[in-house]
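Going by UniProt numbering, the first residue of the sequence shown is number 1, and it counts up by one from there.
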Amino acid sequence: MYNILVVDDEPLICKGLSSVLASSGIDISAIHMAHNGYEALDVLRTDDIDLLVTDIQMGTMNGIELMQQAKLIKPWVQTIIISAHETFHYAQMAIRLGAKDYLIKPLNNEQFLDSVRNVLLKLHKPEPAEQEELIAGMQEHFHMDELNPQSVDWLNQLVSSQPSLKVQDIVRILKEKHGIRLEGPYFSMIRIRLNLADRNRELSKTDERLLRYAALNIVNELFDEHWNNTAFYASEREINIILQWNETLYGDTASSGIMNELDMIGRSLHFNIQKFLGITSVIGISQILKGIEFIDVLHDQVIKALSCNDRHKDHYVFYYGDFNWNQYSQRPTEEEFTAQTSLIVEKAMEYINQNFAQKGLTLHEVAQNNHVSPNYLSYLFKKETGYNLWEYVVKLRMEESKRLLLHTDMRRYEISEKVGYESPEHFSKIFKKYYGMSPSELKK
């Protein structure tokens, strides 16, 4: 059964879409409603949402911004955008962020439901037996779709710290003989390490190759035509991905946060490889550098990023920039690694303590202030404090609102405003969920 979140700043549209979904016969567990982006984020943080249906033009946070924040919280949440206007720029941004459909108001009920059904149909998670059939079914076609070994060799030469030819010569060979164009000028890398030991049975070499091939197909499916990428095998259990942007694309997407998008992609890769193949993976993400001559530096960065898994065995997506590698001439010790981790969490708590009542406070803002990725900060915060980061924000807001209720004459709407909520109704909903009673009940 599926959980759906409907977001629109017009309550009648929210209720109408929810009513259409409720009577559709689709296997829905719960339909949640929110009337602005910040309310929607609270639902996404506290509930297991499968599909987000959101209007694109809403007050202080539009649908694109909501989608970006939602993807930071849960990259696997699917999205359908609805809009009163056929705005090409919005549609382009929505599709790049992974929106599954872009529907124009007024909505046709059947068209809307067809879109919802198509999205939910693809959310099906294969059972273990189905996973085995999926791998077995690829075997007869494996030789047909295998990567060209020569291009793989040249690509691995390219990222090596000691290539057999000059980088520009290898780039020319890849272009002229294999049709692989690496023109950038902006580049980044992602490296995937597959943990084939997760499988419950002994794997033959053929099975291992098939799983690696299946993982490569997941990579290509996730990046699709909206990303200029080249994916290739780095070893028997590892896959490298080179990403590139020209000046125009880099400029268009830099403002929306390319690193956040890469972080989302990394988490989606881990999620989908586990979902469809039944194995975990570790993902290393490099910085973005200008110039193909720095490709070996990016390769070194993804390897260092992956090494963080040695210290954080229960975390799987690592960005090179999350750790201050330049501070150490050699591999950091356990004590140095722990000290840096504690400092990140300490600074995050300090920032939250000072800003928890700020309207529109987001995980992205806290992470940005700390110069780390939202994903890594969330993981460290939970590990160090025992609190989910947003649970900690809510805790501070609720404690302050309770104090104001009991010790001042402030009205509900004034307290709501004071502790950072967009509306008194949403504040009351969160308050009741936290304390088990409404603000007025507690006051009495």
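Glycine included, C-beta positions come from ideal geometry on N, C-alpha and C.
- Restricted to the stretch 261-300, the beta strand (DSSP E) segments that are unbroken, complete and at least 3 residues in length are 280-285, listed in chain order.
- Less than 8 Å separates the beta-carbon of Asn272 from that of Leu222.
- Between Ile28 and Gln157, the alpha-carbon positions lie close to 50 Å from each other.
- Ile283 is a Cβ neighbour of Gly266, given a cutoff of 8 Å.
- For Asp55, the beta-bridge partners assigned by DSSP are Ile82.
- If you look at Tyr328, you'll find it isn't in any beta strand (DSSP E); DSSP assigns it neither H nor E.
- Selection Asp300, Glu110, Met33 evaluated against Gly25 yields Glu110 as nearest (Cα-Cα).
- Excluding sequence positions up to five before and after Asp300, its CB lies within less than 8 Å of the CB of Ser161, all in the same chain and listed in chain order.
- With distances taken between CA atoms, Ile81 lies nearest to Gly98 out of Ile73, Leu72, Lys74, Gly98.
- A buried status is given to Lys71, since no fewer than 16 other beta-carbon atoms sit within 10 Å of its beta-carbon.
- Following the DSSP letters along the chain, one finds Tyr213 in no beta strand (DSSP E) but inside the alpha helix (DSSP H) bounded by residues 205-223.
- Secondary structure note for Ala367: its alpha helix (DSSP H) is the uninterrupted segment 363-370.
- When DSSP states are grouped into helix, strand and coil, Trp76 belongs to the coil group.
- Secondary structure at Met437: coil, using DSSP grouped into helix, strand and coil.
- Here Ile190 is bridged, per DSSP, to Ile241, Ile285.
- For Val7, the enclosing beta strand (DSSP E) has its first and last residue at 2-7.
- In terms of Cβ geometry, Met67 and Ala84 do not form a close pair [threshold 8 Å].
- In the structure shown, Asn109 falls within a helical segment according to DSSP collapsed to helix, strand and coil.
- With a threshold of 16 other beta carbon atoms within 10 Å, Arg212 meets it and is buried.
- For the pair Ile31 and Ala22, the CB atoms are nearer than the 8 Å cut-off.
- Sequence-distant Cβ neighbours of Ser188 in its own chain, meaning closer than 6 Å and more than five residues away, are Leu243, Ser286, Ile288.
- Per DSSP, reduced to three states, the secondary structure at Leu103 is strand.
- Taking the Cα positions, Pro106 is about 42 Å away from Gly278.
- Here Leu41 has Leu66, Gln69, Ala70, Ile73, Thr362 as same chain residues with Cβ atoms under 8 Å from its own Cβ, once five neighbours each way along the sequence are excluded.
- Met93 is not bridged by DSSP to any residue.
- The three-state secondary structure of Val419, taken from DSSP, is coil.
- Collapsing the DSSP output to three states places Ser235 in a strand.
- Here Tyr319 is not near Tyr379, since their CB atoms are 8 Å or more apart.
- Judged by beta-carbon spacing, Arg193 lies within the 8 Å limit of Ser281, meaning their Cβ atoms are closer than that value.
- Assigned with DSSP and collapsed to three states, Met61 falls in coil, not helix or strand.
- Around the Cβ of Thr79, a 10 Å sphere holds 16 or more other Cβ atoms; the residue is buried.
- Burial is judged here by how many other beta carbons sit within 10 angstroms of a residue's own beta carbon; Ala197 has fewer than 16 and is exposed.
- Between the beta-carbon of Tyr2 and that of Gly360 there is about 29 Å, and that puts the pair past the 8 Å contact cut.
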